Amino acid sequence: MFMSKFLGLLQMLAAIVLIIFASATLVNSILISARPETISVVNAIIGQGVVIVALLSFATICVRKSIKNLRRTEDP
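So for the sequence shown, this note's numbering puts the first residue at 1141; every next one is plus one.
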């Protein structure tokens, strides 16, 4: 029981960290878009878009697993 709750809290913490990383990447992408338009800027924005989607997907998985572990009750 304790380990599943502890694991759930760790997964929720990981999800929060992933969301923070995705937000920081989004801010970085906005700052990069202020530069003059070159192919490397476009490539960076596309790459960071992929990274943001991946981070948010992993965060969603962590949140779902965390909620599942936190709601788990011990069988009698």
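We put the CB at the ideal spot given by N, CA and C, even for glycine. Here the structure is a predicted model, which is why all the values come from computation and not from measurement.
*Where does S1143 sit, in a helix, a strand or coil, going by DSSP?*
A small correction: the amino acid at residue 1143 is Met; Ser does not occupy that position in the sequence shown. Of the three classes helix, strand and coil, the one that applies to M1143 here is helix, per DSSP.
_Under the three-state DSSP convention, the category T1222 falls into_ = Missing from the structure shown is residue 1222; the chain here goes from 1141 to 1216 and no further.
*asked:* Let me make sure I understand the geometry here. Which of S1197, I1185 and A1174 has the alpha-carbon closest to that of L1158?
replied: With distances taken between CA atoms, L1158 lies nearest to S1197 out of S1197, I1185 and A1174.
*R1212 in three-state terms, based on DSSP*: coil
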